[in-house]
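> Reading the sequence shown from the start, the letters are residues 12 to 643 in the numbering used here.
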Amino acid sequence: MIERLIALVCFGPPTVPLFVARWFGKTMQTVDYAVLVAYLAGVFGVGMLFALKNKRSADMFAAGGQSPWWTSGLSAFMTMFSANTFVVWGGIAYRQGMVAVTINLMYGVSALLVGYFIAGRWKEIGVQTPAEYVQLRFGNGALHFYTWFMTVFRMVTTAGALYALGRILVNLMPLADGNPLQDPATGNLSLYWGIIIFSSIVVVYTMIGGLWAVLMTDVLQFIILNLAVLFVIPLAIAKVGGFSRFLEQASVMPSLQVKGSEVVSDGTMTSLISGDYTLLFLAGWCAIHFFMIGAEWAFVQRFICVPNAAAARKSTYLFGGLYLLSPILWLLPPLIWRVHSPIPDGASESAVLLSSETAYIDACRSVLPVGMVGLMIAAMFSATASMVSSQLNVFSGVMTNDIFRPLMKRGLNDPSLVRVGRIITLALGALLIVIALSYESLGGAEKVIISVTEMVVVGLLAPTLWSLLSRTITSSAVWITASVSLLVGIVVRFGLNADGFLVDYETLAPLAEWVQGNSSMVKTLTGVVLPILILSVLQICSKGESEGHRAIERLTSATKAGGQSKETIASSLPAIVVGWSIAVCGGLMFLLMFVPDNVDARGILALFGGMLVALATLILVIAYRKSASPRS
């Protein structure tokens, strides 16, 4: 169950984008397109603005250690999103209610634990990239294993998100006959050109602006995402008769789970756990994301780019705190929609899935005025763009600093490394686009890659995290943990399942039956408990300080002795950019007031516009005062 849900979050159901596009396609108008285009232009402009800050490779891939803690925290928060998040989690919320919120709260718990135990340690070490740590701690073999394995995995998953985003957006954009960008079969922008256009925007601003552009666009995307959701909630609640009526109805509605061809009821919409989403599942989900947030390179990069260890901890606490508060907000629309449009008694499996897949979209479509649908689409683009830009930047940084630079016999100066980094970012972006364009013709290859990686995700990440706290673990921990986890995962997933290659052996029949009947427990045990158990045994058996740990200690000491670890002053420019961007969004809300004829819609737009302008004013006053104050 855990692995299947990870795959859903990465990719989403393959037919979801068509449902999404179908519903949005009914309401998109010229104003919505204008809002979307204005947003894309703004994101691109921010990337260009921060291009001038990339004078060194440390600026390009670590923001020069000057990122404010709140910028890093919001960026980490957005890195967890993709466009399918609305559909996958929205679908679970519509079918099973508060269970979806409970699962997402585990992200917050994991992030808080990482903030307390791990985040500060990453910054204290003094590495510029997470791959540099792997090379020093475990050697070149582990570096190349991690780099190429994770690059393939992330390129495929990210391409899948781009493909899904393209499917959503192109169905919203009809073109005139004869337009070279048109798909004659649909009359809309072709998927081919849609993927190229939308992907290129993300690739170019990431290539030019580096991590600064990634961080700042993540912050802006956080604002757009939450603006769109907060806009929907009060309107949707009013549509069902108020909050008290919503709670009254939700507390008696059954929580429904689709199992094969059956629809099973277990608990109510207000139940915190139900069906396969048990306490054991939640514990496993929390453990997996503790390792992912603490050791996956895109998140580690957020710990490294801030001025000091305290800022790294604060940024992760912000990330975790937001995930303890926000799930109930951005999952309310599909919950409310279930009350507004209940699932009929006796509905088939396909009917339940269809209605749940479009629940988020239906809730938004039913209440948003003209122009705000375009903002909701911008939020979906934001979610995917954040993930894509983060992965592009972190892997281009690894390729530049840890793979390419050591191959050069003569050292490269910083401007040359920045140019190389941009070329590698462009190359990875082009590869990403090619994979996304080829997605339909991969013939299931992407599913094999995802399945294999899911089986060893904790096995891959746990040794890195463990080594931050252990003096004795050696590189053998990487190879033993990953290989044993992979072998056991193959046996469980492909050997002992219903049509596995081991089920015909009579002696294994009882084991196969138990595995099939307790799949959630088995996958938690093999995917989470097993790697931890292996590392525990290796920890007990290891003796003496490892050479890798001594190398890390030497780097940490050298960093402190050289003064590089002294507190860097965080830049005030991000706050200024955010403030003006929010002000522009507020101005856009006021302009949209002239579009709808409905007085209530105009009032809502005016209210939100005023709130945004007030917030922007507060941020700008604080930011300009800080930038004007003397620095020691």
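Here a beta-carbon is modelled for each residue, glycine too, at the ideal position from N, C-alpha and C.
Could you work out which residue in S121, F164, V275 is closest to F302 when comparing CA atoms only?
Out of S121, F164, V275, S121 has the C-alpha closest to the C-alpha of F302.
> In or out: T518 buried (at least 16 other Cβ within 10 Å) or exposed?
It counts as exposed.
> In whole angstroms, give me the CA-to-CA distance for A45 and M383.
Each residue's alpha carbon lies about 11 angstroms from the other.
> Indicate the three-state DSSP secondary structure (helix, strand or coil) for T38 in the structure shown.
Confidence at T38 is low in this model, with a pLDDT of 45, below 50, so the placement of that residue is unreliable and no value is reported for it.
> Residue range of the beta strand (DSSP E) that L267 falls in?
It spans 265–270 - the beta strand (DSSP E) in which L267 sits, taken as one unbroken run.
> Going by DSSP, what residues sit across from S285 in a beta bridge?
DSSP output for S285 lists Y288 as bridge partner(s).
> Between which two residues does the beta strand (DSSP E) holding E360 run?
Premise fails: E360 lies in the alpha helix (DSSP H), 360–368, not in any beta strand (DSSP E).
> Look at the alpha carbon of V467 and the alpha carbon of G538, and state the distance between them as a whole number of angstroms.
The alpha-carbon atoms of V467 and G538 are separated by roughly 7 angstroms.
> Out of V606, A74, A69, L329, point me to the one whose CA is closest to G119's CA.
If we check each option's Cα against that of G119, L329 comes out closest.
> In terms of DSSP beta bridges, what is L200 paired with?
According to DSSP, L200 bridges with Q193.
> Compute the distance between the beta-carbons of A493 and G470, then report whether it is under 9 angstroms.
Yes, the pair counts as a contact, with Cβ atoms nearer than the cut-off.
> Please confirm if the segment 398–414 is in contact with the segment 247–265, defined as three or more CB-CB distances below 8 angstroms between the two stretches.
Short answer: they don't touch.
> Using the beta-carbon count (16 or more within 10 Å), is P355 buried or exposed?
Per the 10 Å Cβ criterion, exposed.
> Using the DSSP secondary-structure output, state which residues sit across from S401 in a beta bridge.
BP columns for S401 are empty, so no partner.
> At a cut of 8 angstroms, does the segment 138–154 reach the segment 551–560 through at least three beta carbon pairs?
Yes, the segment 138–154 touches the segment 551–560.
> Under 8 angstroms Cβ to Cβ from F72, same chain only, skipping five residues before and after it: list those, please.
Correct list, in chain order: Q139, T140, G221, L222, Q312, N404, V405, S407, G408, T411, N412, G432.
> Looking at the unbroken alpha helix (DSSP H) that takes in S531, where does it start and where does it end?
Run containing S531: 530–535, per the alpha helix (DSSP H) assignment.
> Using the Cβ count rule (16 or more neighbours within 10 Å means buried), how would you classify E368?
Answer is buried; the Cβ neighbour count reaches 16.
> Which same chain residues end up closer than 8 angstroms to I234 when comparing Cβ atoms and leaving out the 5 residues on each side of it in sequence?
Result list for I234: V589, S592, I593, C596, in chain order.
> Which partner residues does E273 have in the DSSP bridge list?
In DSSP, E273 forms a bridge with K270.
> Going straight from the alpha carbon of W100 to that of V110, what length do you get?
Going from the Cα of W100 to the Cα of V110 covers about 10 angstroms.
> Spatial neighbours of S210 within its chain, please: C-beta separation below 6 angstroms, excluding the five flanking residues on both sides.
Excluding sequence neighbours, S210 sits near L173, I444.
> Please report the Cβ distance between A170 and A447, rounded to the nearest whole angstrom; I am assuming they are in contact, meaning their Cβ atoms lie under 8 angstroms.
The Cβ separation is near 4 angstroms, so the contact holds.
> Distance check for K534 and E14, CA to CA, integer angstroms please.
Here E14 scores only 45 on pLDDT, less than 50, and its place in the model should not be relied on; the value that follows carries that caveat. Whole-angstrom Cα-Cα distance: 8 angstroms.
> Opposite D279 in the DSSP bridges: which residues?
A small fix is needed here, since residue 279 is Thr in this sequence, not Asp. DSSP output for T279 lists P265 as bridge partner(s).
> Please classify W525 as buried or exposed, where buried requires at least 16 neighbouring CB atoms within 10 angstroms.
The residue is exposed, with fewer than 16 neighbouring Cβ atoms inside 10 Å.
> Pull up the distance between the alpha-carbon of G205 and that of Q193, whole angstroms please.
The straight-line gap from Cα to Cα measures roughly 10 angstroms.
> If you count every other CB in all the chains shown that lies within 10 Å of the CB of M387, and 16 or more means buried, which is it?
With 16 or more Cβ atoms within 10 Å of its Cβ, M387 is classed as buried.
> Using 9 angstroms as the threshold, is the C-beta distance between S668 and V225 below it?
Look at the range of the chain in this structure, 12 to 643, and you will see that residue 668 is not part of it.
> Between L507 and the rest of its own chain, which residues show a CB-CB distance below 8 angstroms, the 5 nearest in sequence each way excluded?
If we look at L507 and ignore the five residues flanking it on each side, its Cβ neighbours are L513, V514, L519, L522, A523, V526, Q527.
> Quick check on this structure: which residue in I484, V502, T168 has the alpha carbon closest to the alpha carbon of W395?
The identity of residue 395 in the sequence shown is Thr, whereas the question assumes Trp. It is T168 whose Cα lies nearest to the Cα of T395.
> Using C-beta distances below 7 angstroms, list every residue in its chain close to S481, excluding the 5 sequence neighbours before and after it, in chain order.
The answer, listed in chain order, is Q550.
> Leaving out five residues on either side along the sequence, give the residues of the same chain with a beta carbon under 8 angstroms from the beta carbon of L546.
These residues qualify, in order along the chain: A473, P474, W477, I484, A488, T492.
> On the three-state DSSP scale, how would you describe A639?
Correct three-state label for A639: helix.
> To the nearest angstrom, report how far apart I299 and V112 are at their CA atoms.
Spanning the two alpha carbons is a distance of roughly 17 angstroms.
> Give me, in chain order, the residues of the same chain whose beta-carbon lies closer than 8 angstroms to that of A617; leave out the 5 immediate sequence neighbours on both sides.
Hits under 8 angstroms: M600, F601, M604.
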